[in-house]
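Protein chains in written order, with this note's numbering: chain A, 709 to 1007; chain B, 11 to 759; chain C, 49 to 256.
Glycine included, each C-beta is placed from N, C-alpha and C at the ideal position.
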């Protein structure tokens, strides 16, 4: 298989010592295994995520993404931009679409970029890593790489919001996307059928500003996984992963529950199934240990 | 040939009939009991070869009456289309083998069923005469269109384009109707974004240039007599002159008038010149001549306008319309767009309750209105306060707030009311009122009735019967243009509220029906729903008691009376339902191919076993329009029907003669099931009132049962829909259970 | 920005809808709402909205400027995009809510101590400082956004969470000193300054 190359946009939380550095680690391992080369966009900046609107306003906010795309077009010419973070992907793709629709905005952002000698051509597809897996690599190839099927694991595929809406993965429905379940199956595990809270919002950024409202929603996501006898939850989104994983103690205190549900990334599942170690799969970075997955990794 | 009758039976053994039944025995029954002079079997009677066999017999053997024992009379009608002989069909497939289980213990009763159907079909055909067709009229291609609005003009242009000359009678001095006074109309073409030209001028020009269309302006229909194919119409002008013209068919396109909002004080309609109806607004816009619309009170250019929707419509209050016209919101959007076009920065607000913009075109138009910055507010208007600036008080139904808006002009969305003549049954109600009080009430209704439009010289009144709210009676879905006067079709808002595009569609449909009616009349054939039927009713004058039941009950006003109150049939007005036949207490009315005997003999020729055989017989008289097809469908779906049932299709429940019921009870039948179509305002009866008349007649059957000392449960009447595929068989099977419960009839011989 | 607010009130005296169309991100869609309420029913925090989106749209059309712009409701948006996915009219509701929230902030009409507004503002400042978000500093500034005492309480409450993140190397103490950022910081800041200028100019122009 020819090596595939992409212009990679990791995003702030994927940096070393940041909240989804575990995702970054496991994605790197996954890409090694799949013979995918990811070239970071040099000097990329924050995308403003979904909460940047308050301070940002339309043009400054979109210009953040314009700078990233322009840098990619300049340095990683001809390569699709690929993001692993839902917010990064969404913000960048949204910006690209808005610039396509609105010539005035496009002109203004280029006026701003010119201050640092940059120019947005806006000709680059903005893709999510999951799209690369499904469309460019395929379940079959992924299945072929499996050395340690994740047998006996029951996994709730939690897709969340921003990987799913408003763009979503091509061919999937907004209300019941199936790709995580298919992936789980491909890796030899048992997907939870009809996971009730598959596309439930976890509160996103409001987990910080409206913790109680958000934790009420997170509670339902975890509860539903327990109801389906899931061993763990898998998600593609760093905000989902963090929100659902790290507040379980607080929820337990408030609601007198005993949640201890591991939440991992799809990339971590793949690494383990592909035969990599717990460390390569960044399982050591779980706040709630994914015991059963680690067991398989340590086999 | 007609003098010498020759009866031949044909038994098909295809489709499993031969495997399930003893065809040899059927043949014997046909010749021995059924008295067929010959009887042949064929393994696939509907094949070319089978049909040829029958044809050859007709041509070479002088066969005049044929009995075909095969599938349902509703199947293979093209193959078994022998127009030169009388024909009956024994239904062995849908009627017998498909509704009975194929098992040894059922073999005997299944065969008995088939034997009976052979006896019935043989008896039926013996009393049939090959219909000869009505000869009362010839082909008259001329069509009369009453009303020269959008509907009438479209009907005229469509008929003329099809080669049928038209006369338009218009009471006003010009063609065009309401639409001639409109600035623009609701768009009929994609992208449905802007009001479009009404097209009225072009239509008038097209009519004037069309040699096939004669226009009578300032004219009325003074008198209409005759029947399809031979309507004689007196067209009178305002000046007093008149002329008589004959027509093959008539289209009534008399349109609508608008509800008068003065009855509703909260809208202050008569308190300010700046509060106008939606139709009056069209006039204001026309007056503006392409410039900004000005308000009537002081000529000030309108800067803000409020459209108050649903005024006096869809209401349970007295003096308001109980229905909704359905197009007022589209009109409001169109008119709001006028202001966006002509009055620059004018604020336009549509205060709606339920915004009705049906269809994809309606939705697009609504969106276009939103794009043009028309404000749509869901609000219930409580009051319009007159003044130099009008104040509209309303309850904002989304925000649940009392709100007020100021504006220069208020437009009231008032509903459409039909322009119809007096309901003929209002006249009859006076004549038939039983006491003085009732008569008084009926008379008041009649006195407030509008003037006649058609001035029909019919026994049953001067105009088209109404259904509800003054609209003409027609079946909304199944046969929209048909009225209860054959050969006269209603189209446009006289039939139901509608917009110009719908009216034009309606007109084209009615024109096609009118052409069909003229053609059918010319060929002496029935119109819908028995289209093509060549039989017509006749009566034995010497037996007639002049009781008038037939002339009263005919749903289509087909029968006039002569000076001695004998019925005078107008053959082309008849729909061949047989309601007159069922109504006749002395059984003197019959059709060549359908009579008291053709059914009565079927009933008599069923073999009724002795009481101790414990084989009851259940007679089912099923309407051929809905109940019989439902039973056929049930058979196709393998739904079982009791082996005791003997089903006879009838034209309409209205054609049921009480004698059939008494005869069958006297002959030892154990139960009778009557199946007609739904009656009432939402009727499904193909003859509109037939099923209602029939059911009414059968409600009195209790007396008969009492005289015979029989249980009332033995006779049951039902309204059955064509979709009752499970229910129809169940009703029959229920009767079998009832009989089992109450026991066999004591009248077996 | 009360001056701007006054200018806008002057300019759009009669039509708040027109003001929204001119100044709010995707505001030109507001008029297309058909009031079905699917957005309200689809919002995960629906109960927390005093005025659900379709009501906000109706209020805009009814000219309820003050009530809309000083509303807490838009700040309840979690950016889950459910409303966008389901709106039968295809309105970009999430963006309109963001746009309204931002416009309210620009005009200084946001209710006091709206936590999401504060967080959003801090997030924006944080990312603009170095071009990338510093999660540690953002977290700390958030705990202390309602004053020092509150901040200590909050950070105590959040202590275990912080510890968990630190232990799993998903939070780094050294981020408090310097931390990640773009290399071409001056270029980045020039770009952002220009973008702000252009946007301010556009809105200022609409107010005149």
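query	result
Near residue 928 of chain A, which residues of its chain fall below 7 angstroms by C-beta distance, leaving aside the five closest residues on each side in sequence?	905, 908
Which of the three DSSP states is assigned to residue 188 of chain C in this structure?	helix
Going by DSSP, what residues sit across from residue 570 of chain B in a beta bridge?	B:578
Mind listing which residues of the region 76-100 of chain C have their C-beta closer than 7 angstroms to chain B's C-betas, in chain order?	79, 80, 83
Do residue 773 of chain A and residue 792 of chain A have their CB atoms nearer than 8 angstroms?	no
In chain C, which residues lie with their C-beta within 7 angstroms of the C-beta of residue 925 of chain A?	92
List the residues of chain A that residue 183 of chain C touches, going by C-beta distances under 8 angstroms, in chain order.	720, 721, 726, 727
Starting from residue 433 of chain B, follow its DSSP beta bridges and name the residues at the other end.	For residue 433 of chain B, which the question treats as bridged, DSSP gives no partner whatsoever.
Taking residue 624 of chain B as the reference, which of B:653, B:676, B:613 has the closest Cα?	B:653
Which class does residue 1002 of chain A belong to by DSSP, given the choice of helix, strand or coil?	helix
For the region 110-136 of chain C, enumerate the residues whose C-beta is nearer than 7 angstroms to any C-beta of chain A, in chain order.	126, 127, 128, 129, 130, 132, 133
Would you call the CB atoms of residue 941 of chain A and residue 866 of chain A closer than 8 angstroms?	yes
Would you report the Cα separation of residue 617 of chain B and residue 573 of chain B, rounded to the nearest angstrom?	46 angstroms
Going by DSSP, name the residue or residues bridged to residue 49 of chain B.	B:19
Which residues in chain B have a C-beta closer than 8 angstroms to the C-beta of residue 145 of chain C? List them in chain order.	Result: empty, since nearest Cβ-Cβ is about 17 angstroms, beyond 8 angstroms.
Of all the options B:521, B:528, B:754, B:366, which has the alpha carbon lying nearest to the alpha carbon of residue 619 of chain B?	B:754
Bridge partners for residue 256 of chain B per DSSP, in chain order?	B:242
Got a sec, what are the start and stop residues for the beta strand (DSSP E) residue 631 of chain B sits in?	628-633
From the beta carbon of residue 800 of chain A, is the nearest beta carbon of chain C less than 8 angstroms away?	no
So what does DSSP say about residue 359 of chain B, is it helix, strand or coil?	strand
Quick one: what's got a C-beta closer than 6 angstroms to residue 232 of chain C's C-beta in the same chain, skipping five residues either side?	none
Can you check whether the C-beta of residue 921 of chain A is within less than 8 angstroms of a C-beta belonging to chain C?	yes
Run the CB neighbour count on residue 98 of chain B, radius 10 Å, all protein chains shown included, and call it buried at 16 or more, exposed below.	buried
Compute the beta-carbon to beta-carbon distance between residue 320 of chain B and residue 423 of chain B, rounded to the nearest angstrom, for a pair I have assumed lies under 8 angstroms.	6 angstroms
Looking at residue 947 of chain A and residue 912 of chain A, is the spacing between their C-beta atoms short of 8 angstroms?	yes
Would you call the region 469-481 of chain B in contact with the region 429-440 of chain B, where contact means no fewer than 3 C-beta pairs closer than 8 angstroms?	yes
Using a C-beta cutoff of 8 angstroms, does residue 414 of chain B count as contacting chain C?	no
For residue 103 of chain C, go through chain B and note every residue whose CB falls closer than 7 angstroms to its CB, in chain order.	408, 409
So, using beta-carbon positions, are residue 484 of chain B and residue 459 of chain B closer together than 8 angstroms?	no
Using CA atoms only, rank isn't needed, just tell me which of B:285, B:529, B:258, B:126 is closest to residue 270 of chain B.	B:285
Taking the alpha-carbon positions, what's the residue 58 of chain B to residue 23 of chain B distance?	15 angstroms
Does the beta carbon of residue 385 of chain B come closer than 8 angstroms to any beta carbon on chain C?	yes
Thinking C-alpha only, which one of B:65, B:140, B:64, B:66 is nearest residue 545 of chain B?	B:140
Report yes if the CB atom of residue 243 of chain B is closer than 8 angstroms to the CB atom of residue 231 of chain B, and no otherwise.	yes
In the DSSP assignment, what residue or residues form a beta bridge with residue 79 of chain B?	B:21, B:100
Kindly give me the distance between the Cβ atoms of residue 409 of chain B and residue 107 of chain C, rounded to whole angstroms, as I take these residues to be in contact under 8 angstroms.	6 angstroms
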